[in-house]
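Chemist:
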Amino acid sequence: WILVLGPVLWRLCAAAGVTKGAFFHHFESKEALGVAAANYWAETTGAFFAAAPYHAPAEPLARVFAYLDFRQAILEGEIAEFTCLVGTMVQEVHESSPAIRAACEASIVGHSETLVPDIAAALAAHGVTGVEPRGLALHFQAVLQGAFIVAKATGSADVARASVAHLRKYVALLCGVPVPAANGTRR
Numbered sequence: 183w184i185l186v187l188g189p190v191l192w193r194l195c196a197a198a199g200v201t202k203g204a205f206f207h208h209f210e211s212k213e214a215l216g217v218a219a220a221n222y223w224a225e226t227t228g229a230f231f232a233a234a235p236y237h238a239p240a241e242p243l244a245r246v247f248a249y250l251d252f253r254q255a256i257l258e259g260e261i262a263e264f265t266c267l268v269g270t271m272v273q274e275v276h277e278s279s280p281a282i283r284a285a286c287e288a289s290i291v292g293h294s295e296t297l298v299p300d301i302a303a304a305l306a307a308h309g310v311t312g313v314e315p316r317g318l319a320l321h322f323q324a325v326l327q328g329a330f331i332v333a334k335a336t337g338s339a340d341v342a343r344a345s346v347a348h349l350r351k352y353v354a355l356l357c358g359v360p361v362p363a364a365n366g367t368r369r
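Have a look at this one:
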């Protein structure tokens, strides 16, 4: 992973006026730097999502749709601005660095766990059986992470937007409701 992030780190060191050696002196190893980066990502994105407006609706299914709408809304700017650092890192090191893989897993799965209560309540409120809430929350993350990869490959956020739209349709089908418009009205 250091080969992927290396040029960015070297520019960062140059801009800060420090040597690469001084930069790495703060970490026991390059792997420790990777774990620290993944943990920092989890902390900062956790706070970002905790403060997001999708928690406001009173009804659980409305919160699930609001989450997907929020994910849609943040697909703006350069691709690097909306994709997932830990998703990128884990693709590079899943076999070579168990510690970084575990930190990335904690971030991705930890975020999906925050969705489970709303998903479980929405499924129950709509009489949906045979769908495991944790599995659906992880499915959301799998679709998003895959969409980020294709966005990088195509140089466009369009596939990520379409993927979120498909998730919205899937949730509506599961719950037997019309697909709501992004503003919360039913179509």
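Using our numbering, read the sequence shown as starting at 183 and increasing by one per residue.
Backbone N, C-alpha and C fix where the C-beta goes; we use that ideal spot for every residue, glycine too.
Suppose you measure from the CA of glutamate 379 to the CA of serine 279; what does that come to, to the nearest Å?
Modeler: This structure does not reach residue 379, given that the chain is present from 183 up to 369, and the question cannot be answered.
Chemist: By a C-beta neighbour count over all protein chains shown, 10 Å radius and 16 as the cutoff for buried, is alanine 339 buried or exposed?
Modeler: buried
Chemist: For the structure I just gave you, are there three or more beta carbon pairs, one from the stretch 296–306 and one from the stretch 230–247, closer than 8 Å?
Modeler: yes
Chemist: So the alpha helix (DSSP H) threonine 336 belongs to, where does it begin and stop?
Modeler: 315–336
Chemist: Have a look at Ala218, Ala248, Phe206 and flag the residue whose alpha-carbon is nearest the alpha-carbon of valine 361.
Modeler: Ala248
Chemist: Using the Cα positions of tryptophan 194 and glutamate 213, report the straight-line distance between them to the nearest angstrom.
Modeler: For the sequence presented, residue 194 should be read as leucine rather than tryptophan. The alpha-carbon atoms of leucine 194 and glutamate 213 are separated by roughly 18 Å.
Chemist: Let me know if alanine 344 comes out buried or exposed under the rule of 16 or more other beta-carbons within 10 Å of its beta-carbon.
Modeler: exposed
Chemist: Applying the 10 Å Cβ sphere with the 16-neighbour rule, what's the burial state of valine 236?
Modeler: According to the sequence displayed, residue 236 carries tyrosine and not valine. Label assigned to tyrosine 236: buried.
Chemist: When DSSP labels each residue in this structure, what does proline 242 get in the three-state scheme?
Modeler: helix
Chemist: For glycine 337 and alanine 329, I'd like the C-alpha separation in whole angstroms.
Modeler: Straight-line Cα distance between these residues: approximately 11 Å.
Chemist: Here's a check: name, in chain order, each residue in its chain whose Cβ is nearer than 7 Å to the Cβ of proline 315, leaving out the five neighbours to either side.
Modeler: Answer for proline 315: Val298, Ile301, Ala302, Leu305, listed in chain order.
Chemist: From Trp192, Val332, Val353, Ala354, pick the residue whose C-alpha is nearest to that of threonine 265; which is it?
Modeler: That would be Val332, whose Cα lies nearest to the Cα of threonine 265.
Chemist: Arginine 283 and valine 291 look like a contact to me (Cβ under 8 Å); what is the Cβ gap, rounded to whole Å?
Modeler: In fact, because the Cβ distance is near 12 Å, the residues do not count as touching under 8 Å.
Chemist: My output table needs one value for threonine 311: the three-state DSSP class, helix, strand or coil.
Modeler: coil
Chemist: Going by DSSP, what residue range makes up the alpha helix (DSSP H) through isoleucine 256?
Modeler: From DSSP, isoleucine 256 is part of no alpha helix (DSSP H); its letter is neither H nor E.
Chemist: Whole angstroms is fine: what's the gap from histidine 207's alpha carbon to alanine 281's?
Modeler: 19 Å
Chemist: Over what stretch of residues does the alpha helix (DSSP H) that includes histidine 237 continue unbroken?
Modeler: Histidine 237 -> no alpha helix (DSSP H), and no H or E assigned at all.
Chemist: Glycine 358 to glycine 309, Cα distance in whole Å?
Modeler: 9 Å
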